[in-house]
Each structure stands twice: as C-alpha cells, then as structure tokens.
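Following our numbering, the numbering of the sequence shown begins with 295 at its first residue and continues without gaps.
What follows is a set of notes on a single structure, which appears directly below.
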Amino acid sequence: MKQHNDIYILGIESSCDETAAAVVANGRQILSDVVLSQIDIHRIYGGVVPEIASRNHVEAVDKVVAEALAEAGVTLSDIDAVAVTYGAGLVGALLVGVSYAKGLAQAQGLPLIAVNHIEGHICANYLTYPDLVPPYVCLLTSGGHTAIVNVTDYDGYDVVCSTVDDAVGEAFDKVARVLGLPYPGGPQIDRLAQQGKPLYKFHSVVTSNGNFSYSGLKTAVINLLHNAEQKGNKLDPADVAASFTRAAVDGLVDRLSQEIAHSGAATVAVAGGVGANSYLRARLKEFEQRGLRVCLPKLSLCGDNAAMIASRGYYMFCNGEVADLTLNACPTLKLRGEKPHR
Ligand code: KG4
Ligand code: ZN
C-alpha cells in the first residue's frame with residue numbers, strides 16, 4: 295500500500311544512448327535520478343550505433359529501474375504511474391523503454407503515460423526551479439531539435455520557429471568530428487572554445503523567414519579548414535571552435551531576443567543538451583539585464599535523463615492523459631504545435 299500522500303511518477307528514458315530511470319514527486323521534487331550512459335561504448339564508432347544502443351538498453355533497463363526505486367527509498371507500491379519516452383529518438387532504443395514500461399504498468403496495475411522526449415526536456419526547468427510556472431519562452435536546443443517555443447501552459451506549446459535542416463547539437467557534433475574531437479562533440483567544443491578567439495566570421499544561422507539553418511554553418515567550417523590546408527596554413531582548432539560556437543549560439547540568442555521583444559515574455563528558459571554550453575548560458579544570462587527571469591536547468595538535467603520524463607508525466611497524469619497497451623515507439627514525434635517545414 296502507498297505510504298505517502300504525494301504523486302510519485304517513475305520515469306523511464308531510452309531514446310538514444312542513455313538508459314535512465316527516476317522517481318519524481320509531484321512533478322517537481324527528484325527522489326532519484328539514475329542515468330547509465332553508453333557513451334564509452336559508442337565513442338570508438340564516432341557516434342551512436344542504433345543496434346548497439348538497443349542491446350545495451352535491454353541489458354540495463356531492469357537494473358536502472360531497480361536502482362532508481364532503491365535510491366528513492368520506495369517500492370513499486372509507492373508509485374502512482376509509469377511515464378516513458380515514446381519519441382522522438384532511435385526506434386529500437388525507444389522500443390526497449392516502451393516495452394518495459396508497458397510490461398511494468400500492466401503487471402502492477404499502474405497507469406502508463408506516453409511522454410514526448412522534447413516536452414520532457416522543457417520540464418527540466420520545473421525540476422531546477424520549483425516555483426516556475428508557464429507562461430515563458432523556451433529555447434529548445436538538443437541533438438535532434440532546435441526551436442523557440444512559447445510555453446503557454448503545462449500542456450500548451452506554441453512553436454515560433456525551428457530548424458529547417460540540422461539541429462544545433464548535431465552541428466556541434468559534426469564540427470567536432472571535423473576537428474578530430476571524440477564523440478560527443480558538444481562538450482569537447484565547449485572546452486576548446488574557451489581557450490580560443492572567435493577570429494572567423496560565419497553567416498547567420500537565422501534564415502530570411504526567421505527559422506534556423508545549421509547545415510551551411512557546418513559546411514562553412516569545413517571550407518575554412520580546407521582552404522587553410524590548401525594554402526599550407528594550420529588554424530588553431532581552439533579559434534575555430536570559438537568562432538563556430540559564436541555563430542551557432544549568437545543566432546539563437548538574436549532570434550530569441552526578437553521573439554521576447556515581440557511577445558513581451560517576462561521569463562526565458564532553455565532546454566536540451568546544448569543548454570549545457572557555457573557560452574550559450576552566459577549569453578542567456580544577459581537577458582537578466584533587461585529585467586527578465588532567466589532559467590538555466592542544472593547541467594545534469596540538460597542532457598537526457600528520466601527525471602524530466604517523470605516531471606512531464608506528472609502533468610499528463612494530472613490531465614488524465616493515460617496511454618494503453620497499443621502504445622508504440624514514434625521515432626519522428628514532433629512537439630505539439632510544431633508545423634513541418636516544406
Ligand atoms: O538533449 P540531448 O542530450 O539529446 C537529444 O535529445 O538530442 O542533446 C545532445 C546534444 C549533443 O549534440 C551534444 O553534443 C550536445 O547536446 N551538447 C553540447 C554540450 N553538451 C551537450 N553542445 C554544446 N556544448 C555543450 N556543453
Ligand atoms: Zn534529449
């Protein structure tokens with residue numbers, strides 16, 4: 295029997311190369327947050343190998359869930375619902391979490407909540423700032439998504455603009471590869487950029503109709519390196535990393551600034567892996583000088599984790615948004631309110 299009066303959600307996340315489970319109380323308080331990363335396994339391939347990711351999720355998921363329950367000091371009888379990421383992500387990897395969650399929910403007679411990974415990333419802010427309530431504007435910056443979203447309510451997302459090609463995290467990873475840095479490239483570029491000077495200028499990543507485009511920036515970095523090589527010059531990788539970071543981040547911040555001026559938003563938040571970038575965090579802090587509240591999730595909550603999935607699951611649970619056993623993985627799942635580009 296349940297030993298408490300709160301709502302405890304068990305979150306499960308397996309969309310890419312992290313097997314994660316967490317217990318969160320009332321959408322806001324982390325009781326446990328276990329993340330088992332497969333980075334060391336995939337690094338030798340220079341990126342995530344989907345089949346290897348799926349197999350490792352299968353091996354890890356049961357242990358990770360048991361650890362999350364133990365760390366929270368609870369048993370399954372204390373859990374009110376099981377929330378699982380069902381998209382977007384790698385189909386095989388997602389299926390491991392979805393199948394496991396379905397089995398667990400069915401066996402325990404618990405409601406099953408199907409969480410959109412991107413909506414989960416946004417909820418990392420609720421875990422860092424327990425008093426944060428919508429509305430606010432959120433800059434979404436992950437390995438698969440880049441967008442500015444007006445979060446109108448716990449379930450309301452108005453996508454203002456998004457990338458027409460690569461995501462910003464993808465650009466960080468690709469440029470890191472060109473510079474010979476190991477996977478995942480984002481944190482490596484972040485470290486290197488801090489030792490360099492932004493000597494090289496690139497075109498803005500903001501398109502003429504106010505969306506983002508990152509494929510041109512990646513090509514521009516490759517061309518810069520090739521041209522220098524042909525002339526027998528060796529560029530300092532730290533300067534290239536610093537220049538790329540400026541271009542990748544400044545466009546996001548400029549477009550965000552434009553949207554804030556347009557909407558009059560009083561609070562700005564960031565979500566997703568690139569939200570850990572030190573230059574982006576420093577640039578976002580500048581909005582405080584304009585009287586805005588700036589929410590930057592804890593570094594451990596920017597990347598993939600299950601606490602954010604449990605937080606999102608809580609708000610869906612409160613809305614009665616329960617899934618059934620027909621739930622399937624949806625690798626190309628979009629954010630609610632996101633319109634596809636032509
Ligand atoms: O949100 P996330 O963990 O996974 C997805 O949902 O995609 O984002 C992963 C992305 C990767 O591309 C990674 O290189 C990038 O976030 N990233 C960073 C930093 N830390 C992670 N990019 C720039 N600077 C960082 N410090
Ligand atoms: Zn993610």
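A virtual CB, placed ideally from N, CA and C, is assigned to each residue, including glycine.
| Check | Outcome |
| --- | --- |
| Checking the sheet assignment: what are the DSSP bridge partners for Arg587? | Thr561 |
| If you drop the 5 nearest sequence neighbours on each side, which residues of the same chain put their C-beta closer than 8 Å to that of Val343? | His336 |
| Can you list, in chain order, the residues of its chain with a C-beta nearer than 8 Å to that of Arg577? Leave out the 5 residues immediately preceding and following it. | Val543, Asp544, Val547 |
| Going along the chain, which residues of its own chain have a beta-carbon closer than 6 Å to the beta-carbon of Leu330, five neighbours each way excluded? | Thr313, Ala354, Val358 |
| I'd like to know if the segment 595-613 and the segment 467-474 are in contact, where contact means that at least 3 CB-CB pairs between them fall below 8 Å. | no |
| Should Ser456 be labelled buried (16 or more other beta-carbon atoms within 10 Å of its own) or exposed? | buried |
| When you compare the CB of Glu413 with every CB in chain B, is at least one pair closer than 8 Å? | In the displayed structure, chain B is absent; only one protein chain is listed. |
| At a cut-off of 7 Å, is His411 close to the ligand ZN when judged by its beta-carbon and the heavy atoms of the ligand? | yes |
| What is the DSSP secondary structure of Gln637, reduced to helix, strand or coil? | Any question about residue 637 goes unanswered here, given that the chain covers just 295 to 636. |
| In whole angstroms, give me the CA-to-CA distance for Gly391 and Asp449. | 23 Å |
| Quick one, which of His351, Leu398, His411 has its alpha-carbon nearest Thr369's? | Leu398 |
| What's the C-alpha gap between Met295 and Gly403? | 13 Å |
| Can Gly490 and Ala536 be called in contact, C-beta distance under 8 Å? | yes |
| Would DSSP call Cys310 helix, strand or coil? | coil |
| Please classify His439 as buried or exposed, where buried requires at least 16 neighbouring CB atoms within 10 angstroms. | buried |
| Is it a yes or a no for the segment 372-380 touching the segment 581-592, going by three-plus beta-carbon pairs under 8 Å? | no |
| What residue range is occupied by the uninterrupted alpha helix (DSSP H) comprising Leu421? | 411-422 |
| Need the endpoints of the beta strand (DSSP E) that Asn350 sits in, please. | Not the beta strand (DSSP E): Asn350 falls in the alpha helix (DSSP H), residues 344-366. |
| Leaving out the 5 sequence neighbours to the left and right, which residues in its chain are closer than 6 Å to Lys495 when beta-carbon positions are compared? | none |
| Does the distance from the C-beta atom of Tyr508 to that of Val499 stay below 8 Å? | yes |
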